[in-house]
Amino acid sequence: MFYQIQDDLEPITLDEYDKGILTFGVITLQELEECYEKFGFARITVLECKHDTHQVHGEIEVYEDYHFGIITGIDTRHFIQVEDRIGIYIKKNLFLIVVIEDQDDSMRLELFESLKHLNLAKVSLERVVYGFLERLIFDNYSGLEQIEKEISTHEDKINDNKLSRNFNYEITGIRKRLLLLNNYYEQLIVIGEELEENAIDIFKDENLRYFKLFTDRVNRLSNNTRMLQDYCVHVRDAYNAQLDYNLNNIMKMFTVVTTIFLPLTLIVGWYGMNFKYMPELSWKYGYLFVIIISIIVAVICIIYFKKKKFL
C-alpha cells in the first residue's frame, strides 16, 4: 500500500505516484516484483530481498539515486531468535518498506506508530525515516535493564553462596541474547552512518542531524550491551571462584582430619606391634594410658589448627 504525505496521509495507487510529493509504502515481495522497474530499482535488489538468510548483519548499499538495505529485526522482549526481516528503499521523496518476513505485522505497525508523532504538514523524508528507525530501538533500554537485573540476581546468589546447578546454562543463555542484540545494533549503526553520509545527496543538509541522533542512540545501546557482556564474564568468573573456594574448604577439612588422625594412626601402629618387652602391654592402666594420649594429641592438633585459622 502506498501513501502520500501532504497535510494528511492519503492512500494512492501505484499509477498515482508523484515524484514531487513525499510518499511512503509498505509492500510485499510480490508487489515489489510488480513495481521495482517503475521506481528505477535494480533487479539485484529484488533478488537480495528474496535471498533466504537469518543472519543479524544487515547493511545498506548506495545506488545511483537511492539507498537500499536489509534490516533484520529481533524480538527485543525475548531476543532469542530472529523475528522480522525487511528491505528498505530510500529515494528522493520516497521511503519504501518491503516486508520479507514479519509474522506479527510489527514493522508496518511500527511505521504507522512513528507517523502518529509527526506533524504531517511539515514532515520531511529524513524525519519519516528517522521516526521509523527510532521505533526499532524504542523500548530497548528497558530490555537491557531487565537483563542487568537477571545478571545481578545471579551475582547476589553467588555472594550468598547459593550456587545454582543451572548457572552455566542460564548465564550462557544471557550471553547469547546479548551477542544477538549487539549484532542487531551493529547493523543499525552501519545504516545510520551511511544515511548520515548522504553520498548521493538526496537528503537536506540541515536534516542530517536526525541520522546522527539515531546513530548516537544506537551507539549508546551498543555500549551498554558490551558492558553487560563484560558483567556476564565477571559474574561467571565469580561463580568459578566460589566453586574453587568451596572445593578448597572441603579439601582443607579433609587435610585437617587426616593430619589429626596421622599421629593417632602412629600410636595405633606403635602399640599394635606386640613386642614381648613392651611394658604397657602388661600394665594395668596401659589401655587407659593410650586413650588419654590419643585424646591429648587430638586436642593439641585442634588447638593448633584453630590458632592458625585452619578451622
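With our numbering applied, the sequence shown corresponds to residues 1 to 311, in that order.
The beta carbon of each residue, even a glycine, is placed where N, CA and C say it ideally should be.
DSSP-derived helix/strand/coil call for residue i
i	result
isoleucine 21	coil
arginine 226	helix
histidine 117	coil
leucine 208	coil
arginine 165	coil
phenylalanine 79	Its pLDDT being 45, under 50, phenylalanine 79 is placed unreliably in this model, and the value from its coordinates should be taken loosely. Coil.
glutamate 61	strand
lysine 325	Only positions 1 to 311 of the chain appear in the structure, and residue 325 is not among them; the question remains open.
leucine 136	coil
aspartate 7	coil
valine 268	helix
tyrosine 66	strand
phenylalanine 2	strand
glycine 192	helix
threonine 13	coil
aspartate 84	strand
isoleucine 291	helix
Residue i versus residue j - alpha carbon distance
i	j	result
valine 62	isoleucine 88	12 Å
valine 268	isoleucine 296	14 Å
asparagine 207	valine 99	27 Å
isoleucine 300	glutamate 150	48 Å
lysine 282	alanine 298	A quick correction: the sequence has serine, not lysine, at residue 282. Looking at the two C-alpha atoms, the distance is approximately 25 Å.
serine 114	asparagine 166	41 Å
isoleucine 71	valine 190	11 Å
asparagine 183	histidine 51	19 Å
glycine 73	lysine 252	52 Å
threonine 258	valine 290	19 Å
glycine 173	cysteine 232	11 Å
isoleucine 250	lysine 308	17 Å
proline 279	isoleucine 303	31 Å
isoleucine 158	aspartate 230	17 Å
glutamate 126	phenylalanine 203	7 Å
aspartate 8	valine 123	10 Å
histidine 78	leucine 213	Legend: pLDDT at histidine 78 = 46, less than 50; position of this residue unreliable, value from coordinates given subsequently. Rounded to the nearest angstrom, the two C-alpha atoms are 26 Å apart.
phenylalanine 39	lysine 19	9 Å
leucine 266	phenylalanine 310	22 Å
glutamate 10	tyrosine 36	21 Å
leucine 262	glutamate 145	55 Å
cysteine 49	glycine 69	9 Å
glutamate 34	isoleucine 12	16 Å
glutamate 170	isoleucine 137	25 Å
leucine 188	phenylalanine 211	11 Å
Closest Cα partner of residue i within the set the options
i	options	result
leucine 118	Asn159, Leu47, Ile5, Lys212	Ile5
isoleucine 60	Ser142, Glu193, Pro263	Glu193
isoleucine 21	Glu37, Tyr36, Glu34, Phe2	Phe2
phenylalanine 41	Phe95, Thr72, Ile74, Pro11	Phe95
alanine 199	Asn240, Glu64, Ile147	Glu64
leucine 111	Gly131, Lys92, Asp102	Gly131
leucine 195	Cys49, Glu16, Lys116, Lys91	Lys91
glutamate 186	Asp201, Asn168, Ile171, Asp216	Asp216
arginine 209	Asn219, Glu197, Arg220	Glu197
leucine 120	Leu243, Asp102, Phe24, Leu133	Phe24
Counted within 10 angstroms of its Cβ, other Cβ atoms place residue i as buried (16 or more) or exposed
i	result
aspartate 84	buried
tyrosine 285	exposed
valine 26	buried
arginine 236	buried
lysine 306	exposed
isoleucine 80	With a pLDDT of 41 at isoleucine 80, under the threshold of 50, the modelled position of this residue cannot be trusted, and the question is left open.
valine 128	buried
arginine 43	exposed
tyrosine 239	buried
aspartate 15	exposed
arginine 135	buried
isoleucine 292	exposed
asparagine 140	buried
glycine 143	buried
8 Å Cβ cutoff, residue i in contact with chain B
i	result
tyrosine 63	Among the chains in the structure shown there is no chain B, since it carries only a single protein chain.
Any non-hydrogen atom of the ligand GTP closer than 7 Å to residue i Cβ
i	result
phenylalanine 214	Among the components of this structure there are no ligands whatsoever, and the ligand GTP is therefore not found.
- Message: Check whether the region 169 to 180 and the region 221 to 232 are in contact - that is, three or more C-beta pairs closer than 8 Å.
- Response: yes
- Message: Any contact between the region 21 to 34 and the region 159 to 176? By contact I mean 3 or more CB pairs, one from each, below 8 Å.
- Response: no
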